[in-house]
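First the structure, in the form of structure tokens, and then the observations on it.
Chains as they are written, first to last, in our numbering: chain A, 3 to 113; chain B, 156 to 269.
The structure is reproduced here in structure tokens:
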């Protein structure tokens, strides 16, 4: 089945600095890659996604890049703020309808 | 996006009992899924809830342990049967928007099995 690896598992950055989380996937047919943010005790929230026909997508301080050849995609958060502290999950679409999630990255923004 | 309501939001259960979680969506949706999130872990797909037919289970999950119903396009239930402490998890209902892959989650049901 589909496998999604995510790194790092934990990440601490100074407020105002950038954070980068990376994921790789195994199924070259995957064509949809969302990122979810999960705050403590809350549901995962879709924050940005990218499809395989584009290489990069931005939404204010967050961006996602995709390298289909290498089968990896990354989440970039610039000018980090304390409210960015959360667990972030990448995912890849498998079989055109099922998402497989990465193992998660716990991001801590240090004030 | 659709409003997804789950209940109960949390429960404490005794070993050997069963609990049914309900998921209600405020609009008709094609795809409904049930995920499990064990403490400190990622999300694992249990099954796809199919309207009017048996659910499609992922490897490692079976109907006898996790029976699922989906009588219509806005409602589904997941039962966790014969619970053990290992079943202590958050169970999340999720729905697809019809845009391929896009998925939104309910608030989750946090089960603790003693």
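Cβ coordinates follow ideal geometry from the N, Cα and C atoms, glycine included.
Once the 5 residues before and after residue i are set aside, which same chain residues still bring their CB inside 7 Å of it?
i, result
"residue 213(B)", "200, 201, 202"
"residue 79(A)", "20, 21, 63, 64, 86"
"residue 30(A)", "73"
"residue 49(A)", "37, 38, 39, 64"
"residue 262(B)", "161, 164"
I need the straight-line Cα distance from residue i to residue j, nearest angstrom please.
i, j, result
"residue 270(B)", "residue 184(B)", "Residue 270(B) lies beyond the residue range present for chain B, which begins at 156 and ends at 269; the question has no answer from this structure."
"residue 248(B)", "residue 188(B)", "6 Å"
"residue 162(B)", "residue 244(B)", "14 Å"
"residue 207(B)", "residue 232(B)", "13 Å"
"residue 217(B)", "residue 211(B)", "9 Å"
"residue 74(A)", "residue 5(A)", "12 Å"
"residue 171(B)", "residue 222(B)", "15 Å"
"residue 69(A)", "residue 52(A)", "11 Å"
"residue 242(B)", "residue 58(A)", "39 Å"
"residue 35(A)", "residue 95(A)", "7 Å"
"residue 67(A)", "residue 56(A)", "9 Å"
"residue 219(B)", "residue 28(A)", "31 Å"
"residue 76(A)", "residue 190(B)", "24 Å"
"residue 258(B)", "residue 195(B)", "21 Å"
"residue 113(A)", "residue 168(B)", "40 Å"
"residue 111(A)", "residue 18(A)", "9 Å"
"residue 81(A)", "residue 15(A)", "10 Å"
Go ahead and pull the three-state DSSP assignment for residue i.
i, result
"residue 36(A)", "strand"
"residue 242(B)", "helix"
"residue 273(B)", "No answer is possible for residue 273(B): it lies beyond the span of chain B, which begins at 156 and ends at 269."
"residue 181(B)", "coil"
Near residue i, which residues of its chain fall below 6 Å by C-beta distance, leaving aside the five closest residues on each side in sequence?
i, result
"residue 92(A)", "8, 25, 37, 104"
"residue 180(B)", "157, 159, 229, 250"
"residue 12(A)", "108"
"residue 41(A)", "88"
"residue 240(B)", "268"
"residue 177(B)", "162, 232"
"residue 186(B)", "251"
"residue 61(A)", "50"
"residue 260(B)", "247, 249"
Residue i: buried (16+ other C-beta within 10 angstroms of its C-beta) or exposed?
i, result
"residue 225(B)", "buried"
"residue 107(A)", "buried"
"residue 39(A)", "buried"
"residue 100(A)", "buried"
"residue 83(A)", "exposed"
"residue 193(B)", "exposed"
"residue 254(B)", "exposed"
"residue 23(A)", "buried"
From the DSSP secondary-structure annotation, give me the bridge partner or partners of residue i.
i, result
"residue 259(B)", "250(B)"
"residue 7(A)", "26(A)"
"residue 65(A)", "60(A), 78(A)"
"residue 165(B)", "265(B)"
"residue 227(B)", "230(B)"
"residue 100(A)", "96(A)"
"residue 51(A)", "36(A)"
"residue 45(A)", "The partner list for residue 45(A) (beta bridge, DSSP) is empty, contrary to what the question assumes."
"residue 12(A)", "108(A)"
"residue 175(B)", "234(B)"
Leaving aside the five residues before and after residue i along the sequence, list all residues of the same chain whose C-beta is less than 8 Å from its C-beta, in chain order.
i, result
"residue 45(A)", "none"
"residue 286(B)", "The structure shown has nothing for residue 286(B), since chain B only spans 156 to 269."
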